[in-house]
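Chemist: Mind having a look at this structure? Questions to follow.
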Amino acid sequence: MLIPHGAVIAVVDGKAWELYRNAGTDAAPDLAAMETPALVEHNHSSGGSHASPHQQDETAHCAAVADWLNRQVQSHKIAQLVLIAPPRALGELRHQIGKGTQSAIIKELAKDLVGRQPTEIIAALRGK
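Position in the sequence shown (from 1) plus 1123 gives the number in the working numbering.
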């Protein structure tokens, strides 16, 4: 998969996340680590929820990531976005992401790659 120059890659799991920007070319990406901002996570679960505390924390984390991404796309700081997250977290992100951010997403990958090297992330995006 070609990753356009300047595209932002968000690698997310239920409690951590990392940001990269493609500083290389479309065909030869070079993922440069970006500063990952601290998030304000609000756990607003209803009293009738049957989710475990871990699931509630994961939901709050994904909501905070989605909120940050939404604001970045809305302010034109992110034009193209690649989302990488384990299946459950990816589903939660999809639920929380706004329409403008959805249109900026050029690729999604349901895989846990937090803490992996950029070369491993590129290989996973290429399907290798």
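The beta carbon of each residue, even a glycine, is placed where N, CA and C say it ideally should be.
Ordered along the chain, which non-local residues of its own chain (more than five positions away) have a Cβ less than 8 Å from that of V1205?
Modeler: For V1205, where only same-chain residues beyond five positions count, the Cβ hits under 8 Å are I1126, A1130, V1131, I1132, A1133, I1228, I1229, K1230, E1231, L1232 and L1248.
Chemist: If you pair each beta-carbon of the segment 1203 to 1219 with each one of the segment 1134 to 1149, do three or more pairs fall below 8 Å?
Modeler: They touch, by the three-pair rule.
Chemist: Counting C-beta neighbours from all protein chains within 10 Å, is the total for E1181 16 or more, i.e. buried, or is it exposed?
Modeler: E1181 should be labelled buried.
Chemist: Within this structure, are the beta carbons of L1154 and P1209 separated by less than 9 Å?
Modeler: Cβ atoms of L1154 and P1209: not closer than 9 Å.
Chemist: Check whether the Cβ atoms of Q1197 and G1223 lie closer than 9 Å to each other.
Modeler: In this structure, G1223 lies closer than 9 Å to Q1197 by Cβ.
Chemist: Any idea which residues DSSP pairs A1155 with across the strands?
Modeler: R1144.
Chemist: Using DSSP bridges, identify the partner residues of A1208.
Modeler: A1208 pairs with A1233.
Chemist: Which of helix, strand or coil does DSSP assign to V1252?
Modeler: Residue 1252 falls outside the range modelled here, since the chain spans only 1124 to 1251, and no answer is possible.
Chemist: Applying the 10 Å Cβ sphere with the 16-neighbour rule, what's the burial state of A1156?
Modeler: Answer is exposed; the Cβ neighbour count stays below 16.
Chemist: With DSSP as the reference, label I1132 as helix, strand or coil.
Modeler: The answer is strand: DSSP assigns I1132 an E or B state.
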